[in-house]
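Protein chains in written order, with the working numbering: chain U, 20 to 372; chain E, 20 to 372.
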């Protein structure tokens with residue numbers, strides 16, 4: 020075991036603070052990564068504050084962080100993908116059963132035994148719970164370490180590991196591409212990546228937002244049109260015209276208003292997860308044989324594909340870099356959606372913590 | 020115009036009673052059908068009693084009936100599909116725009132200008148509203164008249180025109196077949212047809228019901244297993260195992276309990292339409308990339324395919340024949356789900372009305 024510095028919450032009402040955690044001794048399949056940057060996902064905040072107590076209660080101490088980019092400091096004897104000094108990334112998962120149909124399809128996020136998530140999952144190695152990327156280093160089976168394109172800004176890569184793959188995966192799964200009209204609901208951490216990817220895949224992209232002041236950014240990021248979702252006339256003008264809508268909003272909202280904008284056989288996919296059940300009008304689905312779906316992150320293989328795609332197309336996240344000492348302030352701003360479009364922690368700051 | 024006998028409601032609180040209605044003079048594309056049998060759909064009751072007042076208010080007089088089987092008494096000069104004396108059937112639609120993408124795909128039920136339904140739709144021919152099959156005869160464009168296999172019991176054919184196609188169409192659309200485990204929720208008019216079709220398509224069929232006394236019938240109709248949906252243990256035993264679930268329940272119920280039974284990428288399709296919005300847990304869809312969808316009846320081409328399939332496989336609806344004079348009593352029994360599994364009116368009884 021190795022003691023390292025980290026930043027975490029000791030209880031649900033405690034702000035995040037410097038702490039010391041243990042990482043396991045490396046196995047022969049492990050990669051040890053010195054963390055350079057870690058993105059700040061809204062899930063980090065939910066978990067640190069135990070806001071998902073009903074279905075995913077937080078184990079303390081809680082060290083969040085699952086958008087991890089760093090450099091390999093050592094590799095086990097059986098490791099083939101990495102050598103010391105390589106760039107490497109870790110996303111939302113660090114292990115899975117490896118044997119179920121989902122794992123065999125490299126869709127470990129749907130592992131029937133549930134994947135080991137990067138933080139707050141039972142950790143079969145230590146017997147405790149997993150601790151995330153707000154820390155000096157992480158030790159992970161090489162299957163769950165991803166290769167990072169060398170041409171990209173590393174801080175901007177970090178959010179690709181959650182916000183990126185969470186939007187890339189459904190857009191690929193539903194074969195979004197040229198000739199299609201695609202809606203993205205919400206321009207936040209996920210939404211801004213969805214706009215970039217949908218545009219890169221060749222679709223016509225329409226952004227839905229409640230904030231008129233996001234129009235300029237949306238157009239810059241790749242949308243061809245911005246619709247103010249509170250304006251019934253603007254919404255009605257798009258009735259029955261969308262092939263696919265990706266809904267990245269986690270606040271309570273009316274999904275039927277968007278289902279009505281789908282073409283026959285169109286799909287609306289949720290990647291934001293409102294806490295309260297959604298009120299879905301059966302008639303909205305029945306007339307037009309429309310589909311409401313959801314999608315969770317993406318598997319290791321597709322995450323690597325996404326990183327390679329980003330390398331080839333020069334895609335990174337739009338970010339605001341913070342030192343770890345500003346994390347509590349960043350959380351407060353996150354609650355107000357006051358970030359364009361993802362906070363990323365420069366982990367060098369942890370040395371001074 | 021031609022005056023004929025019919026049975027209908029003069030107001031939402033009136034029981035159905037004998038009346039006289041007008042049918043249009045036949046155009047050269049029209050088929051006139053003397054009605055032999057008409058099935059009784061729950062929609063008939065909703066419409067007659069104006070229970071859909073918020074989105075489909077009833078025009079009175081209301082003559083319900085859209086599961087129509089009869090014999091052609093005359094054809095227009097341009098009619099090619101039928102000749103006098105042929106059997107013919109009419110389902111839920113009697114016209115559509117013919118020009119939109121849905122109509123061109125022979126999916127007239129999703130016509131962007133909305134199909135002309137068999138009753139309670141604006142009637143472009145008369146300027147009034149359409150009047151359904153609880154009547155002596157109907158006049159319809161030959162495109163919306165279907166050919167009836169000669170080997171089937173005619174009374175048992177009638178419900179195929181709505182209950183049949185409404186279940187056949189989604190099972191075909193989602194390619195239900197051998198090697199698949201398919202759930203049918205509810206054993207009523209729709210559900211009992213869904214069990215027959217899913218079985219005929221080669222799937223393993225599991226019926227979900229709240230009524231233990233439906234077990235024997237479900238097994239006879241083709242289910243290999245019956246699950247009491249109120250029993251959490253029985254439900255849990257099927258978690259993550261279904262390729263497709265067809266939900267034929269129109270009462271309020273918990274759809275998340277069924278979504279949880281789907282495999283990764285599985286679809287649950289609604290053909291019953293609960294009045295209140297469904298409470299859908301976003302996490303139920305997200306973990307497993309599951310889909311909630313809906314489906315409405317079926318197009319003319321697929322309805323003909325379904326009738327031909329039924330002819331080939333000897334499939335009809337399980338019915339209880341009534342004279343038209345018993346229709347109000349039948350409605351009261353329908354509200355209590357007291358029918359196995361569809362009432363069909365012997366329209367010869369109308370002569371005495």
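Built from N, CA and C at the ideal position, the CB exists for glycine as well.
Using 8 Å as the limit for Cβ to Cβ distance, is residue 359 of chain U near chain E?
As a working mapping, residue 359 of chain U is identified with position 340 in the first chain. Not an interface residue.
Find out if the Cβ-Cβ distance for the pair residue 316 of chain U, residue 122 of chain U is shorter than 8 Å.
Along the first chain, one-based indexing puts residue 316 of chain U at 297. Along the first chain, one-based indexing puts residue 122 of chain U at 103. No, Cβ-Cβ distance for residue 316 of chain U and residue 122 of chain U is not below 8 Å.
Within 8 Å, strictly: CB atoms of residue 226 of chain E and residue 182 of chain E:
As a first step, residue 226 of chain E is located in the second chain; it is residue number 207 there, counting from the start. As a first step, residue 182 of chain E is located in the second chain; it is residue number 163 there, counting from the start. No.
Mind checking who residue 279 of chain U pairs with in its DSSP beta bridge?
One-based indexing of the first chain puts residue 279 of chain U at position 260. Its beta-bridge partners do not exist; DSSP assigns none.
Helix or strand or just coil, what does DSSP make of residue 61 of chain E?
Within the second chain, residue 61 of chain E is the residue found at index 42, counting from 1. Three-state DSSP puts residue 61 of chain E in a helix.
What does DSSP give as the partner residue(s) for residue 81 of chain E in the beta ladder?
Taking the second chain and counting its residues from 1, the one referred to as residue 81 of chain E is at position 62. Paired residues: E:28.
First and last residue of the uninterrupted alpha helix (DSSP H) at residue 236 of chain E:
On the second chain, residue 236 of chain E is found 217 positions in, with the first residue counted as 1. Taken as a continuous stretch (DSSP letters only), the alpha helix (DSSP H) holding residue 236 of chain E covers 234-240.
Compare the Cα-Cα distances from residue 119 of chain U to each of U:192, U:130 and U:28 and report the closest residue.
As a working note, residue 119 of chain U is residue 100 in the first chain. When each option's Cα is compared against that of residue 119 of chain U, the closest is U:130.
Is residue 104 of chain E helix, strand or coil by DSSP?
In the second chain, counting from the first residue as 1, residue 104 of chain E sits at position 85. Coil.
What residues in the stretch 295-324 of chain E have a beta carbon less than 9 Å from any beta carbon of chain U?
295, 296, 297, 298, 299, 300, 301, 302, 303, 304, 305, 306, 307, 308, 309, 310, 311, 312, 313, 314 and 315
Could you compute how far the alpha carbon of residue 140 of chain E sits from the alpha carbon of residue 69 of chain E?
By 1-based counting over the second chain, the position of residue 140 of chain E is 121. By 1-based counting over the second chain, the position of residue 69 of chain E is 50. Cα to Cα, the separation comes out at about 14 Å.
Distance, residue 88 of chain E Cα to residue 173 of chain E Cα:
Position 154 of the second chain, counted from the first residue, corresponds to residue 173 of chain E. Position 69 of the second chain, counted from the first residue, corresponds to residue 88 of chain E. Spanning the two alpha carbons is a distance of roughly 7 Å.
At which residues does the beta strand (DSSP E) containing residue 244 of chain E begin and terminate?
As a working note, residue 244 of chain E is residue 225 in the second chain. Start and end: 244-247.
Proximal residues, the stretch 265-289 of chain U versus chain E, C-beta separation under 7 Å
283 and 289
Which residue marks the beginning of the beta strand (DSSP E) containing residue 113 of chain U, and which one marks its end?
For this step, residue 113 of chain U is matched to residue 94 along the first chain. First-last of the beta strand (DSSP E) with residue 113 of chain U: 112-114.
In the structure shown, what three-state DSSP assignment does residue 286 of chain U receive?
Counting from one through the first chain, the residue named residue 286 of chain U turns up at place 267. Three-state result, residue 286 of chain U: strand.
Buried or exposed for residue 279 of chain E, going by 16 or more other Cβ atoms inside 10 Å?
On the second chain, position 260 is the one that residue 279 of chain E refers to. That one is buried.
What three-state label does DSSP hand residue 53 of chain E in the structure shown?
One-based indexing of the second chain puts residue 53 of chain E at position 34. Three-state DSSP puts residue 53 of chain E in a strand.
Supposed close pair residue 288 of chain E, residue 314 of chain E - CB separation, criterion 8 Å
Sequence index remark: in the second chain, residue 288 of chain E carries index 269 (1-based). Sequence index remark: in the second chain, residue 314 of chain E carries index 295 (1-based). Right, their Cβ atoms sit about 5 Å apart.
Take the Cβ of residue 102 of chain E as the centre, count every other Cβ of all protein chains shown within 10 Å, and call the residue buried at 16 or more, exposed below.
Translated into positions along the second chain, residue 102 of chain E becomes position 83. Classification for residue 102 of chain E: exposed.
What do you get for residue 332 of chain E, buried or exposed, if any count of 16 or more other CB atoms within 10 angstroms of its CB means buried?
Here residue 332 of chain E is taken as the residue at index 313 of the second chain, counted from 1. Under this definition residue 332 of chain E is an exposed residue.
Bridge partners of residue 342 of chain E, per DSSP?
Indexing the second chain from 1 puts residue 342 of chain E at position 323. For residue 342 of chain E, which the question treats as bridged, DSSP gives the partners E:365.
Return the CA-CA distance between residue 157 of chain U and residue 249 of chain U, expressed in angstroms with no decimal places.
Residue numbering aside, residue 157 of chain U sits at position 138 when the first chain is read from its first letter. Residue numbering aside, residue 249 of chain U sits at position 230 when the first chain is read from its first letter. Their backbone Cα atoms lie some 44 Å apart in a straight line.
Going straight from the alpha carbon of residue 40 of chain E to that of residue 25 of chain E, what length do you get?
Here residue 40 of chain E is taken as the residue at index 21 of the second chain, counted from 1. Here residue 25 of chain E is taken as the residue at index 6 of the second chain, counted from 1. Whole-angstrom Cα-Cα distance: 6 Å.
Residue ranges of each alpha helix (DSSP H) within the stretch 98-183 of chain E, 4 or longer
120-123 and 173-176
Three-way DSSP call (helix, strand, coil) for residue 250 of chain E in this model:
Here residue 250 of chain E is taken as the residue at index 231 of the second chain, counted from 1. Coil.
Interface partners of residue 210 of chain E on chain U, CB under 8 Å
For the purposes of this step, residue 210 of chain E is taken as residue 191 along the second chain, with counting starting at 1. Correct list: empty, because the minimum Cβ distance to chain U is about 16 Å.
Within the chosen definition, does the stretch 321-335 of chain U reach the stretch 291-309 of chain U through at least 3 CB pairs nearer than 8 Å?
no
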